[in-house]
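Working notes, structure below.
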Ligand code: NAD
Ligand code: UFG
């Protein structure tokens, strides 16, 4: 298939591009590089040994999209492009709704004009909201959202659902990711957050490599086994494979929702101690107060993806942490050093 990957120079996008190429798909990447790196795609080319089509530009640029669809015989779009920092979204709601909602809207308009009706969308477990019982299942309704980032994901899910209801030519996969971590086993590409990492895994990795003195664990008084929050971490390579597998669902029109997780919960403290064991590095930490908006524990019921797509997360926690460390050790300053 010939696939447009928006946001393909970012963390999940770059890993997915590798797996799409491995499966024989043709890929064109559109990315404005606001949080992605051209170097990531150069390294994808090194891993795969073939050039990747790249267009630097914004998903909200309708004229650019029209030219892109006119110039390439695109059959499906995987839409990663967007902003993803929860805290920042509270401070800059307009920027988040613009990039995530307006961006998706313009993309769909351009797709329809070009006669392309197959779309895979990056959604998030956050759309289940704070009151859903665990494990989360796709049959559960979307819950309330507590920040503009989460609301933007829920809005785009609704937009795409309405679109499929109105026009049977559309087929859309809504992929609800749990917590992606890890890196390509080559150590060539990985997660490279700008500034202070918001997420646990890159923070641990930067402490281990000496870029930061210690990790702050946000709360140890949650109603979990060791008092720290529990999440469903999955390997970014498994997540990338999930995108490849989800393309099969686009053969049937309508909306197809899949949780992409392992089905296993792991606590923050377990993450730290397992990382220390796997990497041989010490990760000093202190306990800080709870972070506003964090839920105590959630994980996926990922059985629907296995049943319908034949996809299952195959890589275990040690592989996730080993590959994270391999990437971070080889690239202490991320992509910047090269
Ligand atoms: P990322 O920031 O590494 O990648 C996003 C890419 O999109 C970047 O390369 C960025 O430059 C690009 N981009 C942003 N706005 C754009 C625009 N308007 N036009 C063109 N390109 C644009 O993030 P990621 O972790 O790879 O996440 C990819 C997607 O998955 C996002 O939509 C994110 O919300 C979603 N998601 C991520 C997680 C996670 O934990 N990483 C969890 C759930 C959902
Ligand atoms: N944590 C720390 N210290 C840190 C960073 C995180 O203790 O420096 C803790 C958090 O309190 C939380 C856990 O580590 O308990 C995981 O936090 P992350 O920020 O890595 O991940 P979240 O589960 O908060 O959020 C992630 C994505 C969101 C997405 C959500 C659900 O960042 O975009 O998963 O998919 F919405």
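Residue numbers (the working numbering): -3 to 334. Note that beta-carbon positions come from the ideal geometry of N, C-alpha and C, so glycine has one too.
Residues of its chain near residue i, where Cβ-Cβ distance is below 8 angstroms and the 5 sequence neighbours each way are ignored
i           : result
residue 302 : 308
residue 206 : 328
residue 292 : 218, 219, 220, 225, 226
residue 247 : 167
Between the CA atoms of residue j and residue i - distance to the nearest angstrom
i           : j           : result
residue 217 : residue 42  : 46 angstroms
residue 337 : residue 317 : No answer is possible for residue 337: it lies beyond the span of the chain, which begins at -3 and ends at 334.
residue 300 : residue 120 : 16 angstroms
residue 260 : residue 138 : 21 angstroms
residue 330 : residue 8   : 15 angstroms
residue 147 : residue 109 : 27 angstroms
residue 306 : residue -1  : 21 angstroms
residue 334 : residue 127 : Legend: pLDDT at residue 334 = 45, less than 50; position of this residue unreliable, value from coordinates given subsequently. One C-alpha to the other measures close to 45 angstroms.
residue 314 : residue 178 : 10 angstroms
residue 50  : residue 95  : 20 angstroms
residue 243 : residue 80  : 23 angstroms
residue 191 : residue 198 : 11 angstroms
residue 16  : residue 4   : 11 angstroms
residue 319 : residue 92  : 31 angstroms
residue 325 : residue 164 : 49 angstroms
residue 353 : residue 262 : Residue 353 cannot be examined here, being either before or after the span of the chain that is shown, -3 to 334.
residue 287 : residue 54  : 32 angstroms
residue 40  : residue 14  : 6 angstroms
residue 245 : residue 285 : 43 angstroms
residue 103 : residue 58  : 7 angstroms
residue 176 : residue 228 : 8 angstroms
Limits of the beta strand (DSSP E) - the one that residue i falls within
i           : result
residue 67  : Per DSSP, residue 67 belongs to no beta strand (DSSP E); it is in the alpha helix (DSSP H), 58 to 67.
residue 79  : Note, residue 79: premise wrong, no beta strand (DSSP E); not H, not E.
residue 128 : Careful: residue 128 lies outside any beta strand (DSSP E) and carries neither H nor E.
residue 117 : 114 to 120
Residue range of the alpha helix (DSSP H) that includes residue i
i           : result
residue 326 : 313 to 326
residue 146 : 144 to 162
residue 42  : 34 to 44
residue 299 : 299 to 305
Residues near residue i in its chain [Cβ-Cβ closer than 6 angstroms; skip 5 each side]
i           : result
residue 277 : 204
residue 12  : 236, 239
residue 264 : 213, 224, 225
residue 321 : 275
residue 289 : 142
residue 85  : 92, 143, 144, 145
residue 22  : -2
residue 283 : 213, 216
Assigned secondary structure, residue i (DSSP; H/G/I helix, E/B strand, else coil)
i           : result
residue 102 : helix
residue 94  : helix
residue 234 : helix
residue 274 : helix
residue 208 : coil
residue 8   : helix
residue 334 : Note on residue 334: pLDDT 45, under 50, position unreliable in the model; no value is reported.
residue 176 : strand
residue 73  : strand
Residue-chain proximity (residue i, chain C), Cβ-Cβ < 8 angstroms
i           : result
residue 181 : As a matter of chain content, chain C is missing from the structure shown, which is built from one protein chain.
Own chain partners of residue i with C-beta closer than 7 angstroms, once the 5 adjacent residues on each side are dropped
i           : result
residue 234 : 309, 310, 311
residue 122 : 141, 146, 149
residue 166 : 113, 159, 160, 249
residue 33  : 5, 188, 331
residue 19  : 240
residue 153 : 119, 123, 138, 170
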